[in-house]
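In the working numbering, the protein residues as written are 186 to 515.
Just so you know, even glycine gets a beta-carbon here, dropped at the ideal spot from N, CA and C.
Everything numeric in this text was worked out from a predicted model, so none of it was measured.
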Ligand SMILES: NC(=O)c1ccc[n+]([C@@H]2O[C@H](COP(=O)([O-])OP(=O)(O)OC[C@H]3O[C@@H](n4cnc5c(N)ncnc54)[C@H](OP(=O)(O)O)[C@@H]3O)[C@@H](O)[C@H]2O)c1
């Protein structure tokens, strides 16, 4: 089996290689690594499988079973369909296809069934994935009416050049210096006053949860930490949900780690999320200012479950589905 990784030298790309190695994909896969011409010739590996990075162009693209794209939406728009034509199923980390009606937007724990026969599968925005998992768990028990979320997003969410900005106190990639600062702008501004990042969260949550009428309000803020996004979330429900029941619900859910003990000062923080693939959820409490409303705080590793891991999990599930019907030789 052949897997192509487009954007293999980026923050997400390198995390994809690590995860493929952790999951021992090198035992049954070969890999093609693509990046820009700047990285041509670099050697990367997944475990025992080493390969030279190829500059992505018409001469270098080859057939693959799966192609994981993490090189921005322009690259995805230009090249994803070409990989599909050569036989690949594409899992795309960019925002290029997420809004297309016929393209599934997938968090495997929630809506893997949406994939159907689609040859392009979109990976949601990192902040969306973090919030979708607890909302999905809650919605199985109580209808959600409205969600108000404020994010605290790490600099790694904007790629390796943004991390250089954090390290060197520059503003080459980010719109302002992030050192000793917060930036309430992630991505470009839209005519409605939201940023594109905020609009992505609002649209994507509804699509993943199959809840077109869900009311969502989002404010996305870049904060000066290197990795792991956090979110403060206010959730209005159609009927009461006690703290105890909510803790029970969340502690049973795959992909979520209840991190909530005020007596021991345990709550989600980037320093904990860095070392886990779970979405950490804590600071659970009732919001007495509004009927049937709860507050929580969450934290996640944006490079892993927010991007690389979610994409690899999609590929993993597609492979096991294929092998069940005898399509692939693992
Ligand atoms: N960072 C996150 O937390 C996160 C979360 C969810 C989704 N995403 C999405 O994942 C994608 C990658 O993000 P990132 O943070 O990994 O960015 P990054 O660190 O800036 O890496 C970008 C990658 O794209 C490659 N690339 C750039 N231009 C290219 C071109 N013309 N042809 C081929 N490859 C090209 C780069 O190659 P060179 O090394 O040669 O420049 C590099 O491998 C983006 O679409 C982003 O929106 C990121």
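Reduced DSSP secondary structure (H/G/I, E/B, other) of residue i
i: residue 514; result: Here residue 514 scores only 46 on pLDDT, less than 50, and its place in the model should not be relied on; the value that follows carries that caveat. In this structure, residue 514 counts as coil in the three-state DSSP scheme.
i: residue 237; result: strand
i: residue 223; result: helix
i: residue 231; result: strand
i: residue 368; result: strand
i: residue 242; result: coil
i: residue 587; result: This structure cannot speak to residue 587, because the chain is shown only from 186 to 515.
i: residue 210; result: helix
i: residue 431; result: helix
i: residue 307; result: strand
i: residue 426; result: coil
i: residue 290; result: strand
i: residue 201; result: helix
For residue i, the nearest candidate out of the options (CA to CA)
i: residue 392; options: 309, 406 and 322; result: 309
i: residue 329; options: 495, 502, 414 and 480; result: 480
i: residue 212; options: 235, 228 and 269; result: 235
i: residue 394; options: 446, 332 and 459; result: 332
i: residue 487; options: 189, 355 and 198; result: 198
i: residue 441; options: 380, 377 and 317; result: 317
i: residue 193; options: 222, 187 and 229; result: 229
i: residue 416; options: 458, 423 and 449; result: 458
i: residue 279; options: 372, 502, 420 and 431; result: 372
i: residue 435; options: 238, 298, 322 and 257; result: 322
i: residue 421; options: 399, 437 and 405; result: 399
i: residue 384; options: 243, 506 and 312; result: 312
i: residue 497; options: 196, 205, 451 and 367; result: 205
i: residue 456; options: 325, 381, 439 and 411; result: 411
i: residue 226; options: 281, 482, 237 and 306; result: 237
i: residue 271; options: 472, 425, 247 and 389; result: 247
i: residue 140; options: 257, 469 and 490; result: Nothing can be reported for residue 140: it is not among the residues displayed for the chain, which extend from 186 to 515.
Limits of the unbroken beta strand (DSSP E) element including residue i
i: residue 484; result: 478-485
i: residue 386; result: Here residue 386 belongs to no beta strand (DSSP E); instead the alpha helix (DSSP H) covers 381-394.
i: residue 187; result: 187-191
i: residue 422; result: 414-422
i: residue 404; result: 400-407
i: residue 551; result: Because the chain here runs from 186 to 515, residue 551 falls outside it and cannot be looked at.
i: residue 410; result: No beta strand (DSSP E) holds residue 410; DSSP gives it neither H nor E.
i: residue 442; result: 441-443
N- and C-terminal bounds of the alpha helix (DSSP H) containing residue i
i: residue 450; result: Neither: residue 450 is in no alpha helix (DSSP H) and is coded neither H nor E.
i: residue 496; result: 494-509
i: residue 330; result: Where residue 330 is concerned, there is no enclosing alpha helix (DSSP H), although the beta strand (DSSP E) it sits in stretches over 329-338.
i: residue 300; result: Counting along the chain, residue 300 falls outside any alpha helix (DSSP H), and DSSP gives it neither H nor E.
i: residue 345; result: 345-353
i: residue 489; result: Premise fails: residue 489 is in no alpha helix (DSSP H) and is neither H nor E.
i: residue 317; result: 311-324
Interface flag, residue i vs chain C, CB-CB below 8 Å
i: residue 323; result: Of the protein chains in this structure there is only one, and it is not chain C.
Original post:
At what residue ranges does the region 246-283 contain a whole run of the beta strand (DSSP E), taking only runs of 3 or more?
Top reply: 251-254 and 274-277
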